[in-house]
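Q: Heads up: the sequence lines are chains A and B, in that order. Numbering-wise (my numbering), the first sequence opens with residue 4 and increments by one. Numbering-wise (my numbering), the second sequence opens with residue 120 and increments by one. We treat Cβ as the ideally placed atom computed from N, Cα and C, and that holds for glycine. Can you keep this structure in mind? I'll have questions shortly.
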Amino acid sequence: MKNTYILDGLECANCAAKIEEQVKKIEGVENASVSFFSRKMIIECGESNIDEIIEKAKKIVKKVEPDVKIKKA
Amino acid sequence: MKKKAIQIIVALILFFFSLIVSFENEWINNGIYLIAYIIVGLEIVLKAIRNIFRGKVFDENFLMTIATIGAFFVGDFAEAVAVILFYQVGELFQSYAVDKSRKSITSLMDIRPDYANVKRNNEILKVDPEEVKIGEIIVIKPGEKIPLDGVIIEGNSMVDTSALTGESVPRELNIGDEILSGCINKNGLLAVEVTKEFGESTVSKILDLVENASTKKSKSENFITKFAKYYTPIVVIIAVFLAIIPPFIIPGAIFSDWIYRALTFLVVSCPCALVISIPLGFFGGIGGASKVGILVKGSNYLEALADAEIVVFDKTGTLTEGVFEVQKIEAVGIQKEELLKYVAYVESNSNHPISISIGKTYGEEIDNTKIEEVEEISGHGIIAKIEGKEIIVGNNKLMEKQNIAYDKTEEIGTILYVAIDKKYSGYILIADKIKQDAKEAIKKLKGIGIKQTVMLTGDRKNVGEKVAEELNIDKVYTELLPDAKVEKVEELLKGKSLKGKLAFIGDGINDAPVLALSDIGIAMGGLGSDAAIEAADIVIMTDEPSKVETAIKISKKTLRIVKQNIVLALVIKVGVLILTAFGLSNMWEAVFADVGVSIIAILNALRMLKMSK
């Protein structure tokens, strides 16, 4: 299942790459991708533990880019 | 952004004032520098401190803070201010450029309809397109966007499809025609029965495709991300060594001198120029391509296309129109119109594509009372009695079987010989038409260095070979069943060079396995065909095979720019690092290597957005 989020305020390309890399490492995530230009984060994962994964992903975003607001697309 | 610009201008004035007017007490000058620094740089220092507490060391704010505060300590007040000033100018410019390219891509894709006028209980309501259900009637006024896919049930109009196809000439649509969302209704009032929900409509699919394209990363992007991961820590570590070791081992070395060099290293340590300009190049390339009706599903495909070496075309529907048409009527001892009429009557009860194309060419009502005794001879043709005459229509086998003295023709295509009352009366040639730009397309592909062009077809040998010859295609394989096409492509894939890529172009109908198997699958005439949009990596929205060359050209240009940026950034950065280590360069050059290179790389990448037709 694909979940798309908008990362509002994402201004740093290097941070986008860092977020992508770390989100990919979350357990249960099949694939993840962050596009700096469309300000989108797409997480592909199974449905069972989805809430937990999204929570972890949000934490990563907050840590790498504290000013970014995450919205469900 | 405006606030930042004002800060920069004020700091700039103070900086130059202090640079030009030197006071007797140099601390007045230094004080002015300090004020300028606080105005323009405080924000960065605060961010750096905040990020350290969040466990995020080594970000660019931190590096800039260390470098400039270090410069203050070694007494270079002017340099500290200059570095932070330049950095901020660069940042401002960077966000401006990124903003601009984001906007230009979204305006390119400004085809999302905001509302639909739906007819409910004899009232016309303005609703969100997502609320409209299949089977409902929507009304589209002149100048409005078509919100959902459907069929016209009332009215006719010129429709602008340029947002989908890049084609500037509007199409005329009438009752019964299919109409696609994302187009613009130019002049007439239309009533349309909706055939697809918004989420499944063409406009949603295309928006989805383009918006998500930049999430599929190219090899170059992945390389840079990896590179950035190691680059910064390595430069920082070298900087630390540079500050500590030489003063102890080199006799006469001055401590502050080496600290200055180390600080300069920090300024160059940010990989921003690369990290931003490479995806920007691809982003621009994908945007530029969509402007001319070529949808690329990911940076990786755009990158691969530049290495295309073998281009394989499907014949029917790709190089040819895919519709059978009467190409020639040869009448012997009878008027052409007369001959066509008889054949049309004979064929009128058949649903074969060939019969349908004859009916279309004839174009007049068939009077069924005139037809008697229709006999279909499988694999040969039809014999019927029309207006009391015996008409035989069929291939050469039928003519021979019926002992009719006919002139065999060498024309390529499907030939229907006609005999009236056992007397040979001519033939009708039916063939698939080659697309207007097909020949040009092949020629252009050779012109940009494609090593081999191949055509695959399920059609008969003589038809396939004639088309290939006319188009100057290198290799042709005919009479292939769908699974044989897969085998042929597998064979071709083995024959290419290590780095070379194979692109397959089909119309998306029953060639999905081949599209998936090829390095790059390109579907043509994707307009309205879901299968094509799903299966392919690149979708050409128009029916023109010449767009393949356009796509490859865009891809090559994108890669050229990306490579230029990589080389430019690396050469300048490494160059400045080396010069700095030997004390031949100062912080000014370092700022250029950081911010200046970023700006140049971004400007270079922005060229992709100006892709013309």
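1. Hey, B/I256 and B/E312: beta-carbon distance below 7 angstroms or not?
2. Let's test the definition: count the other Cβ atoms within 10 Å of the Cβ of B/S497 and tell me whether it reaches 16, buried, or not, exposed.
3. So what does DSSP say about A/E30, is it helix, strand or coil?
4. Output needed for A/G49: all residues of its chain with C-beta closer than 8 angstroms, excluding positions within five of it in sequence on either side, in chain order.
5. Using a threshold of 7 angstroms, state whether the C-beta atoms of B/T437 and B/D626 are closer than that.
6. Is the distance from the Cβ of B/K729 to the Cβ of B/A712 below 7 angstroms?
7. Can you tell me where the alpha helix (DSSP H) with B/R290 in it begins and where it stops?
8. For B/N275, I'd like the list of residues in its chain whose CB is within less than 6 angstroms of its CB, leaving aside the five on either flank, ordered along the chain.
9. Taking only beta-carbon positions, decide if B/E263 is within less than 7 angstroms of chain A.
10. Can you list, in chain order, the residues of its chain whose CB lies under 7 angstroms from that of B/I473, leaving out five sequence neighbours each side?
11. Which class does A/A76 belong to by DSSP, given the choice of helix, strand or coil?
12. Just checking my contact of B/T661 with B/G412 at CB under 8 angstroms: how many whole Å lie between their CB atoms?
13. At the level of alpha carbons, what is the spacing between B/M183 and B/E319?
14. With respect to the alpha helix (DSSP H) encompassing B/Y379, which residues constitute its N-terminal and C-terminal limits?
15. At the 7 angstroms Cβ level, is A/S51 part of the contact set with chain B, yes or no?
16. List the residues of chain B that A/K43 touches, going by C-beta distances under 9 angstroms, in chain order.
17. Are the beta-carbon atoms belonging to B/A670 and B/A654 less than 7 angstroms from one another?
18. Please decide whether B/I561 counts as near chain A, where near means a Cβ-Cβ distance under 7 angstroms.
19. Return no unless some Cβ of chain B is closer than 7 angstroms to the Cβ of A/N34.
20. Quick one: list the residues of chain A neighbouring B/A362, beta-carbon separation under 8 angstroms, in chain order.
21. For B/I505, tell me which candidate among B/A235, B/Y461, B/K520, B/L725 has the shortest Cα-Cα distance.
22. Decide if the region 380-393 of chain B is in contact with the region 328-336 of chain B; the criterion is three or more beta carbon pairs, one per stretch, under 8 angstroms apart.
23. 7 angstroms is my cut-off, CB to CB: does B/E402 come that close to chain A?
24. Closer than 7 angstroms by beta-carbon distance: list the chain B residues that pair up with A/N6, in chain order.
25. Quick one: grab the DSSP three-state call for B/D327.
26. Is there at least one Cβ from chain B nearer than 7 angstroms to A/F40's Cβ?
27. Should the region 390-399 of chain B be called in touch with the region 340-356 of chain B, which here means at least 3 C-beta pairs below 8 angstroms?
28. Just by C-beta distance, which residues in the region 227-240 of chain B are closer than 8 angstroms to chain A?
29. Please name the residue or residues paired with A/D11 in a DSSP beta bridge.
30. CB-CB under 7 angstroms to B/T699, same chain, minus the five flanking residues each way: which ones, in chain order?
A: According to the structure data:
1. As a position in the second sequence, residue 256 of chain B is number 137, starting the count at 1. As a position in the second sequence, residue 312 of chain B is number 193, starting the count at 1. Against a cut-off of 7 angstroms, the Cβ pair of B/E312 and B/I256 comes out as a contact.
2. Counted from its first residue, the second sequence places residue 497 of chain B at position 378. Counting Cβ neighbours within 10 Å, B/S497 comes out exposed, since fewer than 16 surround it.
3. By one-based count along the first sequence, residue 30 of chain A stands at place 27. If DSSP states are grouped into helix, strand and coil, A/E30 belongs with coil.
4. As a first step, residue 49 of chain A must be located in the first sequence, where it is residue number 46. M4, G31, E33.
5. As a first step, residue 437 of chain B is located in the second sequence; it is residue number 318 there, counting from the start. As a first step, residue 626 of chain B is located in the second sequence; it is residue number 507 there, counting from the start. Yes, the pair counts as a contact, with Cβ atoms nearer than the cut-off.
6. Within the second sequence, numbered from 1, the residue matching residue 729 of chain B stands at position 610. Within the second sequence, numbered from 1, the residue matching residue 712 of chain B stands at position 593. Against a cut-off of 7 angstroms, the Cβ pair of B/A712 and B/K729 comes out as no contact.
7. For the purposes of this step, residue 290 of chain B is taken as residue 171 along the second sequence, with counting starting at 1. Note, B/R290: premise wrong, no alpha helix (DSSP H); beta strand (DSSP E) at 290-292.
8. For the purposes of this step, residue 275 of chain B is identified with residue 156 of the second sequence, where counting begins at 1. Same-chain partners within the cutoff: N293, G307.
9. Indexing the second sequence from 1 puts residue 263 of chain B at position 144. By this cut-off, B/E263 is not an interface position.
10. Numbered from 1 along the second sequence, position 354 holds the residue referred to as residue 473 of chain B. Only F443, T533, I549 meet the Cβ criterion.
11. One-based indexing of the first sequence puts residue 76 of chain A at position 73. Residue state, collapsed to three classes: coil.
12. What you label residue 661 of chain B is simply residue 542 of the second sequence in a count that begins at 1. What you label residue 412 of chain B is simply residue 293 of the second sequence in a count that begins at 1. Sure, about 5 angstroms apart at Cβ, within 8 angstroms.
13. On the second sequence, residue 183 of chain B is found 64 positions in, with the first residue counted as 1. On the second sequence, residue 319 of chain B is found 200 positions in, with the first residue counted as 1. Approximately 49 angstroms between the Cα atoms of the pair.
14. Residue mapping note: residue 379 of chain B aligns to position 260 of the second sequence, counting from 1. Note, B/Y379: alpha helix (DSSP H), 374-387.
15. In the first sequence, counting from the first residue as 1, residue 51 of chain A sits at position 48. Closer than 7 angstroms: no.
16. Stepping through the first sequence from its first residue, residue 43 of chain A is reached at position 40. The answer, in chain order, is E330, N331, S333, T334.
17. Residue numbering aside, residue 670 of chain B sits at position 551 when the second sequence is read from its first letter. Residue numbering aside, residue 654 of chain B sits at position 535 when the second sequence is read from its first letter. No. Outside cutoff.
18. Locating residue 561 of chain B in the second sequence gives position 442, where the first residue counts as 1. For B/I561, the answer is no, since every Cβ of chain A falls outside 7 angstroms of its Cβ.
19. Your numbering for residue 34 of chain A matches position 31 in the first sequence. No - not a single Cβ of chain B is within 7 angstroms of the one on A/N34.
20. Sequence index remark: in the second sequence, residue 362 of chain B carries index 243 (1-based). In chain order: nothing, as chain A lies at least about 24 angstroms away.
21. Mapped onto the second sequence, residue 505 of chain B falls at position 386. Comparing Cα positions, the closest option is B/Y461.
22. no
23. Sequence index remark: in the second sequence, residue 402 of chain B carries index 283 (1-based). Inspection of the sequence shows that residue 402 of chain B is occupied by Phe rather than by Glu. So yes, B/F402 belongs to the interface.
24. The residue you call residue 6 of chain A lines up with position 3 of the first sequence. Those within 7 angstroms of A/N6 in chain B number zero; the least Cβ separation is about 12 angstroms.
25. Counting from one through the second sequence, the residue named residue 327 of chain B turns up at place 208. Of the three classes helix, strand and coil, the one that applies to B/D327 here is helix, per DSSP.
26. As a working mapping, residue 40 of chain A is identified with position 37 in the first sequence. Yes, A/F40 lies at the interface with chain B (some Cβ there is under 7 angstroms from its Cβ).
27. yes
28. none
29. Numbered from its first residue, the first sequence carries residue 11 of chain A at position 8. Paired residue(s): A/K72.
30. Residue mapping note: residue 699 of chain B aligns to position 580 of the second sequence, counting from 1. The answer, listed in chain order, is R380, T383, F384, A709.
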